[in-house]
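Colleague: Heads up: the sequence shown is residues 28 to 237, going by this note's numbering. So that we are looking at the same thing, I have put the structure below in C-alpha cells.
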Amino acid sequence: MIGTRAMLFEAPGDFTMTHQRRVWALMDAAQARPDVLELIPGVTNLMLIFSAPPERPQAVAEWLCHAWNTLPERHIEGHLFEIGVRYGGALGEDLEAVCAHSGLSAQEVISIHHGSEYTVCAIGSAPGFGYLHGLDPRIATPRKTVPSLNMQAGTVIIGGMQAGISALTGPNGWNSIGFTDLRVFDPAKQPPALFAVGDRIRFYPESIEL
28 MIGTRAMLFE APGDFTMTHQ RRVWALMDAA QARPDVLELI PGVTNLMLIF
78 SAPPERPQAV AEWLCHAWNT LPERHIEGHL FEIGVRYGGA LGEDLEAVCA
128 HSGLSAQEVI SIHHGSEYTV CAIGSAPGFG YLHGLDPRIA TPRKTVPSLN
178 MQAGTVIIGG MQAGISALTG PNGWNSIGFT DLRVFDPAKQ PPALFAVGDR
228 IRFYPESIEL
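Structure below.
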C-alpha cells in the first residue's frame with residue numbers, strides 16, 4: 028500500500044517488453060474494477076488508486092497476483108515517431124562518457140543508438156517524459172553520480188538500460204548524447220504529452236559534432 032488509497036504492484040524480473048506487456052494487460056483488467064479510480068503504469072510496475080481505502084487490501088493484492096500469473100500479454104500498436112537528432116556537441120556532452128564506459132568510438136555509439144527501435148513503456152518522472160525500452164546493451168551507461176543542473180528539454184539521453192528525451196529543462200542525472208528540437212511536452216496542447224504508452228520511436232542523425 029502507498030498511503031490508504033493506493034497500491035503499487037511491482038512485477039518480478041528484469042525490464043523486458045514481455046514483462047511490460049503483462050503490466051499493460053494487468054492495467055486493462057484493473058480498469059474494470061469498480062473500486063479503481065485511476066491507474067498509473069510504470070516501468071514493470073502499476074499503481075492503482077482507489078476511490079476509497081480498500082477494506083481488504085490483501086484480497087486486492089491476491090487478485091493482482093492471480094491476474095499477473097494468468098493474463099496473456101497485451102500488445103499496444105502505438106504511433107511511430109521518426110526523430111532527428113543532433114548528436115554530440117554542447118548539448119550531447121556526455122557522449123564521451125558513454126564511449127568511455129562502453130569502450131566504443133563516438134561513431135559506433137551513435138550508429139548503435141539510432142539503429143534500434145524503441146517502445147514507450149511508461150510516461151512519468153517529469154510531465155511527458157517517456158521511458159524507452161530498446162536500448163542496445165552495448166551502450167547502456169549508468170546514470171551520473173553528479174547530475175547536470177540545467178539539462179535542456181529535448182536532450183536525447185541514456186540512463187542505465189533505458190533511453191529517453193528530456194521533457195523539461197532542469198536537473199538531470201541521465202547521460203546526454205544529443206539534442207532534438209521536438210517538443211515532447213506542451214501544456215497548451217491536448218493531450219499535452221506527445222508520446223503515449225505503446226508508441227514506437229526511431230532516431231536518425233540530423234548532424235554529428237564530435
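Yeah, the Cβ is synthetic: ideal placement off N, Cα and C, and Gly gets one too. The structure presented is a predicted model; accordingly, all values stated were derived computationally and were not measured.
Excluding the 5 residues preceding and the 5 following A57 in the sequence, name in chain order all residues of the same chain whose CB lies nearer than 8 Å to its CB.
Modeller: The residue given as residue 57 occupies position 30 in the sequence shown. Answer for A57: V63, L66, L73, L75, L91, A94, listed in chain order.
Colleague: Run through the DSSP bridge pairs and tell me what P99 is partnered with.
Modeller: Indexing the sequence shown from 1 puts residue 99 at position 72. Partner(s): none; P99 has no beta bridge.
Colleague: Could you check what DSSP says for S175 in three-state terms: helix, strand or coil?
Modeller: As a position in the sequence shown, residue 175 is number 148, starting the count at 1. Three-state DSSP puts S175 in a strand.
Colleague: Please say whether L162 and Q189 have beta carbons closer to each other than 8 Å?
Modeller: Here residue 189 refers to the residue found at position 162 when the sequence shown is read from its first residue. Here residue 162 refers to the residue found at position 135 when the sequence shown is read from its first residue. In this structure, L162 lies closer than 8 Å to Q189 by Cβ.
Colleague: How would you write the range of the alpha helix (DSSP H) that Q47 sits in, first residue to last?
Modeller: On the sequence shown, residue 47 is found 20 positions in, with the first residue counted as 1. It spans 44-58 - the alpha helix (DSSP H) in which Q47 sits, taken as one unbroken run.
Colleague: Going by beta-carbon coordinates alone, are V147 and G155 separated by less than 8 Å?
Modeller: Taking the sequence shown and counting its residues from 1, the one referred to as residue 147 is at position 120. Taking the sequence shown and counting its residues from 1, the one referred to as residue 155 is at position 128. Against a cut-off of 8 Å, the Cβ pair of G155 and V147 comes out as no contact.
Colleague: Please work out which residues of its chain come closer than 7 Å, Cβ to Cβ, to P169, disregarding the five sequence neighbours upstream and downstream, and give them in chain order.
Modeller: Residue numbering aside, residue 169 sits at position 142 when the sequence shown is read from its first letter. Contacts found: G187.
Colleague: Of the choices H141, T182, S132, T97, whose alpha-carbon is the least far from that of G119?
Modeller: Here residue 119 refers to the residue found at position 92 of the sequence shown. The shortest Cα separation from G119 among H141, T182, S132, T97 belongs to T182.
Colleague: What did DSSP end up calling E120 once you bin it into helix, strand or coil?
Modeller: Taking the first residue of the sequence shown as 1, we reach residue 120 at position 93. DSSP places E120 in coil when its eight states are reduced to three.
Colleague: Specify, as a first and last residue, the run of the beta strand (DSSP E) that I192 falls within.
Modeller: The residue given as residue 192 occupies position 165 in the sequence shown. Per DSSP, I192 belongs to the beta strand (DSSP E) from 189-192.
Colleague: Around the C-beta of A223, are 16 or more other C-beta atoms found within 10 angstroms, so that it is buried, or is it exposed?
Modeller: The sequence position of residue 223 within the sequence shown is 196, counting from 1. The residue is exposed, with fewer than 16 neighbouring Cβ atoms inside 10 Å.
Colleague: Taking N96 as the reference, give the member of P39, S234, L159, I184 with the closest Cα.
Modeller: By one-based count along the sequence shown, residue 96 stands at place 69. Of the candidates P39, S234, L159, I184, the one whose C-alpha sits nearest the C-alpha of N96 is P39.
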